[in-house]
Structures are given as structure tokens and as C-alpha cells.
Amino acid sequence: MPHAPHLRRRHVLSLGAAASLTAFSALVRAESGPPLKIMVGFAPGGSADQTARLLASTLQTELKRPVIVENRTGASGRIMVAGVKDAKPDGNTLMLVPHGPMTLFAHSYRKLGYDPVRDFTPIGRICNFDYAFSTGPATGAKSLNEFLLWARNPANKPSFGSPGTGTIPHFLGQAVAAKAQLPLVNVPYRGAAPSVVDLIGGAISLVVTPLADVIEHHKADKVRVLATAGSQPMDMLGGVPTLKDRGIDLVLDGWYGLYAPAALPAELQQYISDAVQAVVPSMANALARTGLVAAVSTPSALTQMQQTESAFWAQWVKATGFKPED
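Sequential numbering of the sequence shown, starting at 970, is according to the numbering used here.
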């Protein structure tokens, strides 16, 4: 019996060495295996897709392996997220996802198909973005006040486009309608791009999207950004106010995060997170051109941000009386 503690220590050390060897083997397989995939739940050309492709091009240099982007659209990103949940936790599959599917959707959908906390391994936040409220030729409005006057006439049948009922743009549009006493009707779309097309064509009078989805159309005078939901005005918009600047007390900053499936080995999580933190600062200028702000974080910081925002949305959804969608 005197030797038992010594034997136990040897056993623990052996287990630790085996675990380290397993993690190292997983790391080697990840580096020498198939291309790393970054999954995106929205169509090519949107802000999520653009951000993922920029990240892929910089990561593949840092990781010294091919990195590709795969788009799996539908259900406001839920189909892609549920698919990544079932992927192998081998470091070959990541997802770039906006905050909604990881914070709001657990409270706005009954049949989510995944648990935002238990089913994923956080890698880090990539960037922040502002939500933009934009109008088109149907209203002729040049400012938020002009739009509000136009929209208060029921004969104009004002409407706003969002990427689906139960999404963050849907709730933001509803909040503005309530605070400004507007009869705005939500028109759900399968993403931002088709709603912007209809805005330009005059089929709807307003869209609520990440700024990056409309910035080029705004520069080309095809749409007009009336206001943003961020805490500060965007310099690149040349004087476009925030909602709060115009007396609508609503502030929300959006973000994109990077995740892997649950049970990713800790060494792989750290390895990928370190690479992401190394490359995101070099993406800052390219992100800024589309209205995105580089804001890389650690996995633990992303988890804390996700938990805090989820609690916020739980209260918001309850306060509005919204009935969760299927």
C-alpha cells in the first residue's frame, strides 16, 4: 500500500500524456487533412459571405492550409447552424454566424434544431456592424423625418423588409414602428439581398439590414440609409444619424462570431483562436470599406457576450408578447 500514491500519480500522468497525444494527433490531422470549411447561412454577396471569404483568404496563409467558404442558405441561417452542430469536431468545420442565431433565436423559435450554448465551441468574435434603416424610390424620403411623415399616411401602405419573422431586423423594425407610431407591415424575405432588390424596385418602402448589405447601393444613390441603430453615427455615411439622435431610444450593435462544433479539443480551439486573433487586425481596412468594424475576441469573451445578449433578448421577446415561430 505505501506505493499506491506513486502508482496513482503514474497512472494520472499516463492519462494526461495520452490526452495530449490525442489532441496533438487531431491538430496534425487538421493541418494535413481536407480544406478547412467556413460555413455561412446566407447567400453569396451578403455581408456574412463577404466577411467569411475575407477571413478565409487571410486564415489560409496563417494556417498554411486551404480554407474555403460554403454557403448553406435557408431559415434565416438556422439550417446552416444545425448542420454544423452535427459536423465532426475535428477542426475542419467552422461557421461564421451573426449574433441572432446564437442569442435571439432560442427565444423566437420553438423548433430551433440546436442549442446555441451546448452544441458549439466558441472561437471568437470577428467584427461588429451597425443595422441600417434604408428607404428606396417608393417614398422619395431624403431623411428619417421625411420617411416618418410619408409612412404615417395609411394610404401609402408602408412596409419593411426583413430576413424573416423572428429575426433581429424584424424586431428592430417592429420597435421603430411602435416607438414612432407607424403602421409598418413586416415583409419577410430569405435574406437581405432579395429585400434590397425589392426596395430598389419600389415594392417595399423600408428595409432593416446590416449596413454592409446596403452601403454600395447607398453610395450609388439607389437606396438611402435614413438612420442606423448603433451607438455612434458612422463617419462613412456623411451625417446619417442614429435612431437615438432622432428621438427613437433604440441602440443595438450587431456582431459576427466564429464557432466550431461542440467537443472540439481544447488545443485545437486555442490553435484556431490564436490564428484568428493574429489575422483579423489585418482585415480591418477591408472590413471598414463595407461598414464593418474589426473586433476580434477570445473564446471566453465571445461566450460572455453571447450569454449577456441572450438574456437581453429573452426579456425583449417576453415584453413584446411575441409568440415563438416554428
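Virtual Cβ for every residue (Gly too), placed ideally from N, Cα, C.
Whose CA, out of the options, lies closest to the CA of residue i?
{"i": "valine 1154", "options": "Gln1273, Thr1134, Trp1282 and Ala1229", "result": "Thr1134"}
{"i": "valine 1177", "options": "Ser1131, Phe1011 and Gln1246", "result": "Ser1131"}
{"i": "leucine 1271", "options": "Gln1246, Ser1251 and Ile1007", "result": "Gln1246"}
{"i": "threonine 1289", "options": "Tyr1158, Ala1144, Thr1090 and Ala1232", "result": "Ala1144"}
{"i": "arginine 1258", "options": "His1187, Arg1215, Ala1196 and Glu1294", "result": "His1187"}
{"i": "methionine 1108", "options": "Ala1172, Ala1146 and Gly1207", "result": "Correcting the residue identity first, residue 1108 is threonine in this sequence and not methionine. Out of Ala1172, Ala1146 and Gly1207, Ala1172 has the C-alpha closest to the C-alpha of threonine 1108."}
{"i": "glycine 1260", "options": "Ser1242, Thr1072 and Pro1202", "result": "Pro1202"}
Go ahead and pull the three-state DSSP assignment for residue i.
{"i": "lysine 1006", "result": "strand"}
{"i": "proline 1163", "result": "helix"}
{"i": "glycine 1142", "result": "helix"}
{"i": "valine 1286", "result": "helix"}
{"i": "proline 1268", "result": "helix"}
{"i": "valine 1248", "result": "helix"}
{"i": "leucine 1261", "result": "strand"}
{"i": "threonine 1193", "result": "The sequence given here has arginine at residue 1193, not threonine. Reduced to three states, the DSSP call for arginine 1193 is strand."}
{"i": "glycine 1170", "result": "helix"}
{"i": "serine 1200", "result": "coil"}
{"i": "threonine 1211", "result": "strand"}
{"i": "tyrosine 1228", "result": "strand"}
{"i": "phenylalanine 1129", "result": "strand"}
{"i": "proline 1123", "result": "helix"}
{"i": "glutamate 1278", "result": "helix"}
Quick check: the Cα distance between residue i and residue j, rounded to an integer number of angstroms?
{"i": "glutamine 1150", "j": "lysine 1126", "result": "14 Å"}
{"i": "leucine 990", "j": "glutamine 1238", "result": "Note that leucine 990 has pLDDT 45, beneath the 50 cutoff, so the model's placement of it is unreliable and no number is given."}
{"i": "threonine 1104", "j": "isoleucine 1169", "result": "8 Å"}
{"i": "alanine 1244", "j": "serine 1112", "result": "43 Å"}
{"i": "leucine 1256", "j": "valine 1262", "result": "6 Å"}
{"i": "glycine 1199", "j": "histidine 1139", "result": "16 Å"}
{"i": "phenylalanine 1297", "j": "aspartate 1222", "result": "Absent from the structure is residue 1297, since the part of the chain shown begins at 970 and ends at 1295."}
{"i": "threonine 1277", "j": "leucine 1212", "result": "23 Å"}
{"i": "tryptophan 1282", "j": "lysine 1292", "result": "13 Å"}
{"i": "arginine 1047", "j": "glycine 1002", "result": "27 Å"}
{"i": "leucine 1175", "j": "lysine 1054", "result": "34 Å"}
{"i": "leucine 1032", "j": "valine 1183", "result": "32 Å"}
{"i": "valine 1194", "j": "valine 1265", "result": "27 Å"}
{"i": "alanine 1021", "j": "glycine 1142", "result": "26 Å"}
{"i": "alanine 1120", "j": "asparagine 1114", "result": "10 Å"}
{"i": "serine 1269", "j": "proline 1250", "result": "19 Å"}
{"i": "aspartate 1204", "j": "leucine 1028", "result": "29 Å"}
{"i": "lysine 1057", "j": "proline 1230", "result": "7 Å"}
{"i": "alanine 1044", "j": "tyrosine 1158", "result": "10 Å"}
{"i": "arginine 1087", "j": "alanine 1189", "result": "44 Å"}
{"i": "alanine 999", "j": "leucine 1233", "result": "For alanine 999, the predicted model reports a pLDDT of 49, less than 50, meaning its position is unreliable; a value from the coordinates is still stated below. In a straight line, the C-alpha of alanine 999 is about 11 Å away from that of leucine 1233."}
{"i": "alanine 1101", "j": "leucine 1180", "result": "5 Å"}
Have a look at the DSSP bridge pairing and note the partners of residue i.
{"i": "isoleucine 1037", "result": "Lys1006"}
{"i": "leucine 1151", "result": "Answer by DSSP bridge pairing: none, since leucine 1151 is not bridged."}
{"i": "valine 1177", "result": "Phe1102"}
{"i": "aspartate 1222", "result": "Asp1099"}
(message) I'd like the ranges of any alpha helix (DSSP H) spanning at least 4 consecutive residues and lying wholly in the region 1036-1112.
(response) 1047-1054, 1068-1072 and 1074-1077
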